[in-house]
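All you need for the working numbering is the position in the sequence shown, starting with 1, plus 45. The beta carbon of each residue, even a glycine, is placed where N, CA and C say it ideally should be. No experiment lies behind these values; they were computed from the predicted model shown. Heads up: the structure comes next, in structure tokens.
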Amino acid sequence: MVLVLLGVALIVMNLAGIGPVGTWNWDITGDLWKFIAPFLGAVLWWGWADMSGLNKRREMEKMEEKKRMRRRENLQALGMDPRAKRKR
46 MVLVLLGVAL IVMNLAGIGP VGTWNWDITG DLWKFIAPFL GAVLWWGWAD
96 MSGLNKRREM EKMEEKKRMR RRENLQALGM DPRAKRKR
């Protein structure tokens with residue numbers, strides 16, 4: 046996401062004429078690669094994250110945390126606080 050935001054920021058800065066980025070040209074043989082590089086990096090990162098299973102692991106961790114929180118809330122709603130058993 047950071048790489049995509051960087052790419053969009055570079056394009057906006059160029060169109061607005063801000064700083065040295067404002068002087069970059071859009072020629073294929075010129076500075077076009079500077080605009081494309083962040084987006085290409087983002088595509089490579091997302092591809093690697095999907096192939097390595099990083100996204101799936103994060104998704105599974107979020108699901109497990111939701112299950113733990115739901116179980117804890119249900120036990121508290123039933124008056125069965127898990128910490129109360131430890132005190133006895």
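message: My assumption, with CB atoms under 8 angstroms, is that Asn80 sits in contact with Gly98. Please give the rounded CB distance.
response: The sequence given here places Phe at residue 80; Asn does not occur at that position. With a Cβ gap of about 31 angstroms, Phe80 and Gly98 do not count as contacting.
message: Quick check: what's the CA-CA separation for Asn70 versus Val57?
response: 13 angstroms
query: For Asn59 versus Val66, is the C-beta spacing smaller than 7 angstroms?
result: yes
query: Under the three-state reduction of DSSP, which class applies to Trp93: helix, strand or coil?
result: helix
Delimiting residues of the alpha helix (DSSP H) encompassing Asn70: Note, Asn70: premise wrong, no alpha helix (DSSP H); not H, not E.
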